[in-house]
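Chains as they are written, first to last, in our numbering: chain X, 32 to 748; chain G, 16 to 170.
Even glycine gets a Cβ: it sits at the ideal position worked out from N, Cα and C.
Okay, so here's the structure we're looking at.
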Amino acid sequence: MSDAVGRRDFLKIGAAAGGGLLIGVALPGRATRVAAATRSAFAPSAFVRIGADDLVTVIVGKAEMGQGVYTSLAMLVAEDLEADWSKLRVESAPVDPAYNHASFGIQMTGGSSSVSSEWERMRRAGATARVMLVAAAARSWGVDAASCRAEKGFVLHAASGRRSSYGALAEAAASQEPPVNVPLKDPADFKILGRPMPRLDTPSKVDGTAQFAGDVNLPGMLVALVLRPPVFGATVVKVDAARAKAVPGVKAVATIPQGVAVAATGFWAARKGREALVVEWSAAPAGAVASTDALQQEYAALAKTPGLVATNRGDAAAALTGAAKTLSTEYDVPFLAHAMMEPLSCVVDLRADRCEIWTGTQFQTGDRDAAAKRTGLRPEDVQIHTTLLGGGFGRRATPSHDFVTEAVEVAKAVKVPVKVLWTREDDLRGGYYRPMWHDRISGGLDANGSLVAWSHTIVGQSLLAGTPFEDGIKNGIDDSSVEGAADMPYAVPNLRVELHSPRSNVPVLWWRSVGHSHTAFVVESFLDEMAEAAGRDPLEMRRALLENEPRTRRVLDLAAERAGWGQALAPGRARGLAVHASFGSLVAQVAEVSLAGSGVRVHRVVCAIDCGRIVNPDTIAAQLEGAVAFGLSAVLYGEITIKDGRVEQSNFHDYPILRMNEMPQVEVHIVPSDAKPGGVGEPGVPPLAPAVINAIAVLTGRRIRHLPVRPQDLGLA
Amino acid sequence: MTRLTVNGKRLELDADPSMPLLWVLREELRLTGTRFGCGMSLCGACTIHLDGEAVRSCVTPLSAAEGRHVTTIEGLSPGVSSAVQRAWIAEEVPQCGYCQSGQIMCAAVLLREKPQPSDADIDDAMSGNLCRCGTYQRIRKAIHRAAKDIAGEKA
């Protein structure tokens with residue numbers, strides 16, 4: 032943090048806290064308790080507060096969606112604070128510039144960037160507090176601060192044997208001006224960072240007390256469901272609400288810009304009411320996607336035409352012409368839904384002069400500003416309480432602020448506090464999918480079997496086009512469309528990547544690992560195709576192309592070694608590998624597969640990761656285990672299709688995700704590193720699909736160039 | 016009027032008898048540890064015990080609980096259930112945590128029926144409980160750990 036920020040913003044927040052407003056995830060009725068705990072607290076920055084009761088509260092501006100950020104940021108503070116871990120608590124931050132992303136200038140959680148962007152700021156918050164506590168103790172004892180040290184929540188003076196707890200020093204420390212540029216600990220002295228600390232949110236997640244937005248209850252609150260258009264972009268023409276209003280418990284039916292809301296005393300009545308609605312919708316907007324099959328054909332045709340150049344090294348066209356051997360092919364991946372276990376939900380309490388919102392969001396600043404715009408209130412009169420998120424994966428970071436603005440519109444219409452719930456069908460049919468992509472790709476080998484040419488054309492919707500982040504598109508290239516392809520690490524002398532970004536009425540959104548979820552599949556699959564064409568081992572060929580990428584080579588080697596690459600396997604099994612850089616980290620995976628029944632069975636996935644300096648190794652392992660499951664769901668099942676303009680899938684029977692019996696054994700190996708911290712939540716997803724598909728190619732001799740895998744791809748149907 | 020016992024408390028509820036128990040628990044009784052995930056018995060997030068058996072409360076009407084005992088995550092008894100919760104903490108199972116109440120309710124029944132479950136038993140009992148965060152490997156470990164702990168307590 033800049034230290035100037037800390038003091039000023041925090042004083043403002045501190046004042047609010049005294050009035051009981053700093054309630055984070057606290058629910059109505061709990062505010063008193065939090066306010067009481069705040070009294071006579073020492074709060075040297077917006078990120079840490081120490082009470083007379085010795086409790087250390089770390090205020091986290093990031094959304095906890097399962098990635099462990101409450102714990103990892105608390106670890107960063109605790110390390111430099113020399114805190115007693117058992118006295119640590121976490122509180123969800125209000126919306127305030129003090130919690131803006133250090134790089135992006137808004138309060139948000141995404142891009143696997145929480146640890147890298149908070150590494151210094153949170154540690155400095157801890158260090159600053161520690162220095163002030165030590166100074167307060169030294170002054171009260173009449174000794175030199177340099178003769179005192181901090182340890183596990185106490186300040187100690189060895190010479191006199193005096194000790195004082197942080198809580199006892201809080202008041203005296205609070206009277207000081209926070210020092211600037213306090214030095215951080217030497218990593219050699221770390222006691223917490225790099226160790227598997229227990230997650231602070233686990234106990235509440237095994238006894239049912241964890242609070243998600245759907246658990247919030249306000250006095251006089253109604254529960255609402257919204258009937259949304261069957262075709263993206265269609266609007267309400269006429270509503271017959273008579274039957275809906277006759278359902279016992281239904282209190283209001285309202286047409287809002289997003290559709291028709293039915294508000295009732297509870298979910299069941301709202302659902303019955305919504306089913307009883309008769310709504311006439313406008314025709315599909317011009318150019319609406321009629322079917323994903325037709326869209327795929329359009330994309331394939333577009334890929335044969337010149338696109339915008341995303342990267343150009345050497346002369347790929349000439350090198351292909353002059354190559355001893357060439358290969359040209361096409362790849363396809365579908366729209367994908369995030370399908371978090373907790374469908375979206377948002378509670379809004381709108382009053383004449385203020386608005387309070389409880390929701391699980393990754394995008395606080397924008398959501399708040401959008402709510403202000405819709406209500407005519409000032410942004411400072413809108414408060415968002417970020418609850419726990421029942422999964423995020425990008426769906427709760429919408430540049431259109433869809434689920435928040437919709438709930439605000441419902442609140443405006445019904446004029447009482449309201450909880451808008453989404454059903455699973457609403458979630459899967461509500462848009463905001465990982466884009467569908469088509470790739471056309473050619474490679475060339477010289478007479479020695481070296482990869483000398485690579486030409487790749489990508490077709491798919493831009494995530495940034497039409498959003499407030501559109502100015503991130505440079506020269507027509509949305510970097511998130513080509514990341515992982517245009518910047519691939521392999522030393523191919525002639526490389527060209529082109530991009531087409533057609534628009535459509537289907538809302539698209541970042542999905543765990545964003546563009547990498549698609550480019551890693553294409554690049555790492557095609558590399559194996561080229562290795563096969565060259566008659567080379569895929570590991571050996573990659574290593575040769577990574578001579579100048581030692582970190583990438585190291586994770587690849589580690590995964591290969593631990594997986595027993597090259598060693599014999601049980602009959603009917605095969606291995607495949609892939610490596611990919613994303614979000615500042617490198618991940619290599621080796622998948623071991625067989626065929627079983629009508630499909631593919633993945634038995635084991637060995638992962639190696641280099642994510643720079645690490646915070647919590649157990650969280651890294653958990654995120655990679657989860658990424659394997661997430662990636663494998665997309666390989667085996669993930670597909671949103673559109674027919675007659677409508678999304679065909681509706682629930683987990685036709686949009687399946689991985690189950691317990693399909694979970695491979697996942698091993699995680701972390702490369703020791705003192706490099707800058709990288710991301711952990713997303714980088715495990717990209718290599719999974721190509722590792723599995725490459726293994727299937729070895730096993731069956733069939734190269735699969737689309738996802739998900741179908742029985743006929745395996746020769747089983 | 017529906018008469019039932021929830022977490023040991025006898026109740027008389029004047030609610031729509033066709034309303035799924037899930038919403039009775041969450042909205043009428045404010046027992047929000049039982050989660051909504053699909054509404055079609057496809058994901059297991061809403062798993063509770065009805066007379067000791069694991070059922071999906073999203074498709075179980077209130078009327079089906081007449082005269083019966085309902086247990087939710089908030090009412091898990093000491094013994095087998097708390098061993099499951101301890102194991103969940105020891106193995107650091109939860110990520111987002113949303114599905115875990117249902118996972119734990121299901122695992123508690125499995126361990127009562129099969130005190131030493133094999134991996135295949137775990138697959139059979141737990142494959143109806145989805146976890147999008149992918150905590151399956153840790154759920155499996157936690158169930159084996161709980162089995163060991165329970166056996167140790169009895170010994």
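CB contact check: Arg147(G) to chain X, cutoff 8 Å: Cβ-Cβ to chain X under 8 Å: yes for Arg147(G).
Close-in-space but distant-in-sequence residues of the same chain around Leu215(X) (CB under 8 Å, 5 per side omitted): By the criterion of a C-beta distance shorter than 8 Å, Leu215(X) is surrounded in its chain by Asp111, Glu151, Arg154, Arg155 and Ala158, once the five residues flanking it on both sides are discounted.
Residues bridged to Arg120(X) [DSSP beta-bridge criterion]: DSSP output for Arg120(X) lists Thr88(X) as bridge partner(s).
Contacting residues, own chain, Cβ-Cβ under 7 Å from Ala354(X) (five flanking each side not counted): Counting only Cβ-Cβ distances below 7 Å, and skipping sequence neighbours, we find Gly475, Leu476, Asp477, Val483 and Ala484.
Coil, strand or helix - Asn725(X) by DSSP: In the three-state scheme derived from DSSP, where H, G and I count as helix and E and B as strand, Asn725(X) is classed as helix.
Delimiting residues of the alpha helix (DSSP H) encompassing Ala605(X): No alpha helix (DSSP H) holds Ala605(X); the beta strand (DSSP E) holding it covers Ala605 to Ser613.
Cutoff 6 Å; reference Leu558(X); Cβ partners in own chain excluding five residues on either side: By the criterion of a C-beta distance shorter than 6 Å, Leu558(X) is surrounded by no residue of its chain, once the five residues flanking it on both sides are discounted.
Any C-beta of chain X under 8 Å from that of Cys53(G): Yes, Cys53(G) counts as interfacial toward chain X.
Host beta strand (DSSP E) of Ser92(G) (start-end): Counting along the chain, no beta strand (DSSP E) covers Ser92(G), and no H or E run does either.
Boundaries (first-last residue) of the alpha helix (DSSP H) holding Ile158(G): Tyr151 to Lys169 is the span of the alpha helix (DSSP H), which, as asked, contains Ile158(G).
Three-state secondary structure (DSSP) of His547(X): Helix, per DSSP.
Listed by chain order, chain G residues near Asp232(X) by CB distance under 9 Å: For Asp232(X), the neighbours in chain G by C-beta distance under 9 Å run, in chain order, Pro109 and Gly112.
Cross-chain neighbours of Gln131(G) in chain X, by beta carbon under 7 Å: Going along chain X, no residue has its Cβ under 7 Å from Gln131(G), so there is no contact; the nearest lies around 18 Å.
Extent of the continuous alpha helix (DSSP H) run through Pro581(X): Residue range Pro581 to Ala594 is occupied by the alpha helix (DSSP H) that includes Pro581(X).
Same chain only: Cβ atoms within 7 Å of Met371(X), ignoring 5 sequence neighbours per side: Here the set comprises Gly421, Gly422, Gly423, Phe424 and Arg426.
Residue-chain proximity (His487(X), chain G), Cβ-Cβ < 8 Å: Interface criterion not met: the Cβ of His487(X) is under 8 Å from no Cβ in chain G.
Sequence-distant residues of the same chain with beta carbon closer than 6 Å to Ala722(X), five excluded per side: Residues of the same chain with a CB within less than 6 Å of the CB of Ala722(X), apart from the 5 flanking positions on each side, are Gly607, Leu608, Ala609, Gln620 and Ala622 in chain order.
Backbone CA spacing between Pro288(X) and Ala401(X) [nearest angstrom]: Here the C-alpha atom of Pro288(X) lies approximately 14 Å from the C-alpha atom of Ala401(X).
Buried/exposed call for Gly167(G), threshold 16 Cβ in 10 Å: Gly167(G) is exposed by the Cβ-count criterion.
Contact set between Asp136(G) and chain X, taken where Cβ atoms lie within less than 7 Å: None at all; the shortest Cβ gap to chain X is about 11 Å.
Given Leu626(X) as reference, the closest of Ala726(X), Val451(X) and Val379(X) once Cα atoms are compared: It is Ala726(X).
Where the beta strand (DSSP E) containing Cys377(X) begins and where it ends: That run of the beta strand (DSSP E) goes Ser376 to Leu381.
Chain G residues whose Cβ lies nearer than 8 Å to that of Ile688(X): Scanning chain G for C-beta atoms nearer than 8 Å to the C-beta of Ile688(X) yields Leu145 and Arg147, reported in chain order.
Within-8 Å CB hit, Thr150(G) to chain X: Yes - at least one Cβ of chain X is within 8 Å of the one on Thr150(G).
is_contact[Asn506(X), chain G] using C-beta, thresh 8 Å: With 8 Å as the cut-off, Asn506(X) does not count as an interface residue toward chain G.
Any C-beta of chain X under 8 Å from that of Ala60(G): Yes, Ala60(G) lies at the interface with chain X (some Cβ there is under 8 Å from its Cβ).
Within chain X, partners of Pro35(G) - CB distance below 8 Å: Trp299, listed in chain order.
Helix, strand or coil at Ala10(X) [DSSP, three-state]: Coverage of chain X is limited to positions 32 through 748, which leaves residue 10(X) absent and any answer about it impossible.
Rounded straight-line distance, which links the Cα of Met561(X) to that of Ser481(X): Rounded to the nearest angstrom, the gap between the Cα atoms of Ser481(X) and Met561(X) is 9 Å.
Segment contact flag, the stretch 409–416 of chain X with the stretch 441–452 of chain X, C-beta cutoff 8 Å, min 3 pairs: These segments do not touch.
Minimum C-alpha distance to Leu86(X) - residue among Phe73(X), Ala109(X), Glu95(X) and Leu119(X): Considering only alpha carbons, the answer is Leu119(X).
Gln696(X) in three-state terms, based on DSSP: In this structure, Gln696(X) counts as strand in the three-state DSSP scheme.
Option in Cys111(G), Ala122(G), Ala30(G) and Glu27(G) with minimal Cα separation from Ile63(G): Nearest of Cys111(G), Ala122(G), Ala30(G) and Glu27(G) to Ile63(G), Cα basis: Ala122(G).
Cβ shell of Gln492(X) (< 7 Å), same chain only, five flanking positions each side left out: Closer than 7 Å at the Cβ level, and outside the excluded window around Gln492(X), lie Pro466, Ser532, Pro533, Arg534, Ser535 and Val539.
Spatial distance of Arg567(X) from Ala660(X) (CA atoms): It is roughly 30 Å from the alpha-carbon of Arg567(X) to the alpha-carbon of Ala660(X).
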